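Those sequence lines, one after another, are chains V and B.
The opening position of the first sequence corresponds to residue 1 in this note's numbering, with each subsequent residue numbered one higher.
The opening position of the second sequence corresponds to residue 319 in this note's numbering, with each subsequent residue numbered one higher.
No residue lacks a Cβ here, since even glycine has one placed at the ideal position from N, Cα and C.
What you are looking at is a predicted structure, and each value in this text was computed from that prediction instead of being measured.
Report on one structure; see the data block that follows.
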Amino acid sequence: MAKDSSQNASKERQEPGILPISARLKKLPWWALFLLLLGVLLIYSILKRENYRDAFEFIAPGLQVTLTASIIAFAIALVVGLIMGMGRISTNPITYNIATFYVEVVRGIPMIVIIIYVAFVLVPFFVNGANSLGNLILTTSWLSFLGGLGTSLSTLDITQIDPLARAIAGLSFGYGAYEAEVFRAGIQSIERGQMEAARSLGMSYFQAMRYVILPQAIRVILPPLGNDLIAMLKDSSLISVLAVRDLTQLGKLNRSRTFRTFETWNTVTYLYLSMTLLGSMGVKLLERQLHSGESVMTSIRNLFSKLRPGLSRKQVSD
Amino acid sequence: MSEKIIEIRNISKSFKNVQALSNVSLDVNQGEVVFIFGPSGGGKSTMLRCINRLETVDEGEIIVDGIHVTEPKPDLDTLRAEVGMVFQLFNLFPHLTVLNNITLAQELIRKRKRDDASEIAMNLLIRVGLPEKADSFPDQLSGGQKQRVAIARALAMNPKIMLFDEPTSALDAEMIREVLDVMMVLAQEGMTMVVVSHEMGFAKAASDRMVFLADGKLIEEGPTDVLFSNPKETRTKAFFDQILY
Numbered sequence: 001m002a003k004d005s006s007q008n009a010s011k012e013r014q015e016p017g018i019l020p021i022s023a024r025l026k027k028l029p030w031w032a033l034f035l036l037l038l039g040v041l042l043i044y045s046i047l048k049r050e051n052y053r054d055a056f057e058f059i060a061p062g063l064q065v066t067l068t069a070s071i072i073a074f075a076i077a078l079v080v081g082l083i084m085g086m087g088r089i090s091t092n093p094i095t096y097n098i099a100t101f102y103v104e105v106v107r108g109i110p111m112i113v114i115i116i117y118v119a120f121v122l123v124p125f126f127v128n129g130a131n132s133l134g135n136l137i138l139t140t141s142w143l144s145f146l147g148g149l150g151t152s153l154s155t156l157d158i159t160q161i162d163p164l165a166r167a168i169a170g171l172s173f174g175y176g177a178y179e180a181e182v183f184r185a186g187i188q189s190i191e192r193g194q195m196e197a198a199r200s201l202g203m204s205y206f207q208a209m210r211y212v213i214l215p216q217a218i219r220v221i222l223p224p225l226g227n228d229l230i231a232m233l234k235d236s237s238l239i240s241v242l243a244v245r246d247l248t249q250l251g252k253l254n255r256s257r258t259f260r261t262f263e264t265w266n267t268v269t270y271l272y273l274s275m276t277l278l279g280s281m282g283v284k285l286l287e288r289q290l291h292s293g294e295s296v297m298t299s300i301r302n303l304f305s306k307l308r309p310g311l312s313r314k315q316v317s318d
Numbered sequence: 319m320s321e322k323i324i325e326i327r328n329i330s331k332s333f334k335n336v337q338a339l340s341n342v343s344l345d346v347n348q349g350e351v352v353f354i355f356g357p358s359g360g361g362k363s364t365m366l367r368c369i370n371r372l373e374t375v376d377e378g379e380i381i382v383d384g385i386h387v388t389e390p391k392p393d394l395d396t397l398r399a400e401v402g403m404v405f406q407l408f409n410l411f412p413h414l415t416v417l418n419n420i421t422l423a424q425e426l427i428r429k430r431k432r433d434d435a436s437e438i439a440m441n442l443l444i445r446v447g448l449p450e451k452a453d454s455f456p457d458q459l460s461g462g463q464k465q466r467v468a469i470a471r472a473l474a475m476n477p478k479i480m481l482f483d484e485p486t487s488a489l490d491a492e493m494i495r496e497v498l499d500v501m502m503v504l505a506q507e508g509m510t511m512v513v514v515s516h517e518m519g520f521a522k523a524a525s526d527r528m529v530f531l532a533d534g535k536l537i538e539e540g541p542t543d544v545l546f547s548n549p550k551e552t553r554t555k556a557f558f559d560q561i562l563y
């Protein structure tokens, strides 16, 4: 029985062209087709129906805010994550404990609470700190050469810090902890001999990291990082609690403006899904490309050349 | 010739409950080839790794070419650039071509221009017999070829001392010779070498002095021909009986 089916399987692999119709139907990705159908239906509605078009036109500008917030916050989170991830494997007890404190605390708090906390506690705290520092500069005679800086610091007002900036600060603060763990795992996946070889050639710890360890680790961590970017895109909807006019916030506003719940949330859902599904397709392709054993940059370039047939394979292979 | 370049004084080292080295002393002279052998777990590799501070000692002192290795903050960068190390598992950088494996540290540490570094690397590749592999990646090489590249990589830094940590132990039998040949030439050219290995043939042919380490203690040392033909300690004799036909 088992033998039969395995023989069938190998036959199917060899001659995919002459599968019986029923087997081919079974293999079709029906879920994707159904999704596509829903998408087409929605695009049709947006083009043809007043209510949908109105909702779409109101909500669509939120795309830009959502993308901006996600991408900037993710870039900052990567920097935070790299630094904290290296702190997590540091032999220096101070660095290690600071990094671990950050990672453990942040990962134990819901993202929405982190965003609120950063926006309404940490940012005002730092603004207050800046104000006192500015006052100190202004009232200390030997610091008078910093007068201009002192004035701008002491008059910095909390209302000057725009909600989008606070939202980005919150998202990157929260995601930095997750990226730190991704970087830590990636670095630790590289065998110890690599660091020893680099160090025994006279490289400093940071040179060894920069030229030997990280280039290898990046291959391991690129797919999880891609997944985290997609997760960030979804979690960016939480910044709507700060009244940032992202997709979700515009959805809420549109619903209360028009009372058209169906049209509003269908549109919002559709816009999120089209971004996240495209994103995860990209990550899957990248994963497959990385698996082929090429260097990371070559993999990314080859991926783009596949997506853009205009660019010839020859150009990117060198 | 008889100038001391490595001085090891009474070093001890333990890992958790295991005493890896206890009270070991050894001097190595300029241009000398010292062959360290003994049973597995006897502290051979640990001692070698202490010399360029991949491990720190618990007690004792190591001075390499005037640098006090065992002090809290030795001049590690100078030390490691002067001491080349070859590992059992090669530890080539898999993301770089053979050529770039050899040029990376030259450019970073020796501050050589790209072209100069490449030229030095190519000359070394010719020396180890692999000039045609310059653009290959480590994955495309056999074990013996990898180890020859690793030797070239270490030599590119113009070290005064070369440490070999079981350089042939991970190789298939038919590849051991090509690596030993490269090491032999190096020894003949007067490189100071400390070799941890089980290749007794190499010891006989190339080393000046042999050191027998077991259970973290230096059991016996002496000129190669003397120690081979007439070991004093029963422990050494027993080891020879075990490994030689």
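Around the C-beta of B:His413, are 16 or more other C-beta atoms found within 10 angstroms, so that it is buried, or is it exposed? buried
Please report the distance separating the alpha-carbon of V:Ile300 from that of V:Gln64. The C-alpha of V:Ile300 lies about 25 Å from the C-alpha of V:Gln64.
Residue nearest to V:Ile109 in terms of C-alpha spacing, selected from V:Ser305, V:Asn302 and V:Gly174: V:Gly174
Along chain B, in chain order, which residues have C-beta atoms closer than 7 Å to that of V:Ala197? Phe405 and Asn409
Within-9 Å CB hit, B:Ile354 to chain V: no
What is the C-beta distance between B:Ala423 and V:Leu201, in whole angstroms, given that I count them as a contact (C-beta under 8 Å)? 4 Å
With a cut-off of 9 Å, does the C-beta of V:Gln216 fall near any C-beta of chain B? Yes - at least one Cβ of chain B is within 9 Å of the one on V:Gln216.
Any beta carbon from chain V within less than 9 Å of B:Val514's own beta carbon? no
For V:Ala231, the nearest candidate out of V:Ile187, V:Gln207, V:Ala197 and V:Leu278 (CA to CA): V:Leu278
When burial is assigned at 16 or more other CB atoms within 10 Å of the CB, is V:Ser22 buried or exposed? Its Cβ having fewer than 16 others within 10 Å, V:Ser22 is exposed.
Run through chain V and tell me which residues come within less than 8 Å of B:Leu417, C-beta to C-beta. Simply none; closest approach about 15 Å.
Comparing the C-beta of B:Val529 with each C-beta of chain V, is any distance below 9 Å? no
If distances are taken between C-alpha atoms only, which option among B:Leu504, B:Lys464 and B:Glu496 comes closest to B:Asn476? B:Leu504
Mind checking if V:Leu201 is an interface residue toward chain B, Cβ cutoff 9 Å exclusive? yes
Exposure label - V:Asp235; buried when at least 16 CB within 10 Å: buried
For B:Glu564: DSSP bridge partner residues: Residue 564 of chain B is absent from the structure shown; chain B starts at 319 and stops at 563.
Report yes or no: do three or more beta-carbon pairs, one from the stretch 207 to 226 of chain V and one from the stretch 56 to 63 of chain V, lie closer than 8 Å? No: the two stretches stay apart, fewer than three of their Cβ pairs being nearer than 8 Å.
For B:Leu531, the first and last residue of its enclosing beta strand (DSSP E): Arg527 to Ala532
Smallest Cα separation from B:Ala565: which of B:Ala452, B:Asn341, B:Phe482 and B:Ala521? A query on residue 565 of chain B cannot be resolved here, the shown segment of chain B reaching from 319 to 563 and no further.
Do we get a CB-CB distance below 9 Å when we pair V:Gly193 with the residues of chain B? yes
Check whether the stretch 385 to 405 of chain B and the stretch 482 to 496 of chain B touch, using three or more Cβ-Cβ pairs below 8 Å as the test. yes
Check B:Arg398 in the structure and name its three-state DSSP category. helix
To be precise: take each residue of the stretch 218 to 233 of chain V, compare its Cβ to all Cβ atoms of chain B, and keep it if any distance is under 7 Å. Which residues remain? none
Can you list the residues of chain V that B:Leu442 reaches, using a CB-CB cut of under 7 Å? Within chain V, no residue comes near B:Leu442; the closest Cβ sits about 14 Å away, beyond 7 Å.
Taking DSSP as the reference, what is the three-state secondary structure of B:Asn418? helix
So, are the CB atoms of B:Val416 and B:Gln465 less than 9 Å apart? no
Endpoints, the alpha helix (DSSP H) within which B:Lys429 is located: Premise fails: B:Lys429 is in no alpha helix (DSSP H) and is neither H nor E.
By the DSSP assignment, the alpha helix (DSSP H) with B:Asn347 in it spans what residues? Here B:Asn347 belongs to no alpha helix (DSSP H); instead the beta strand (DSSP E) covers Val336 to Asn347.
For V:Met1, the three-state DSSP class (helix, strand or coil): Residue placement at V:Met1 is flagged as unreliable, the pLDDT there being 39, under the threshold of 50; the coordinate-derived value follows with that caveat. DSSP places V:Met1 in coil when its eight states are reduced to three.
Can you have a look at V:Gln289 and say buried or exposed, based on whether 16 or more other CB atoms are within 10 angstroms of its CB? buried
Residues from the stretch 363 to 393 of chain B in contact with chain V, defined by Cβ distance under 7 Å: Asn370 and Leu372
Around the C-beta of V:Ser5, are 16 or more other C-beta atoms found within 10 angstroms, so that it is buried, or is it exposed? Confidence at V:Ser5 is low in this model, with a pLDDT of 46, below 50, so the placement of that residue is unreliable and no value is reported for it.
Identity of the residue in B:Glu450, B:Val512, B:Glu350 and B:Val446 nearest B:Arg367 by Cα: B:Val512
Residue-chain proximity (V:Ser204, chain B), Cβ-Cβ < 9 Å: Output row for V:Ser204: interface = yes.
Quick one: any contact between the stretch 527 to 546 of chain B and the stretch 341 to 353 of chain B, if contact means 3 or more CB pairs under 8 Å? Judged by pairs of C-beta atoms under 8 Å, the stretch 527 to 546 of chain B touches the stretch 341 to 353 of chain B, as three or more such pairs exist.
What residues in its chain sit with their C-beta under 8 Å from that of B:Arg432, if we drop five residues either side in the sequence? Thr421 and Glu425
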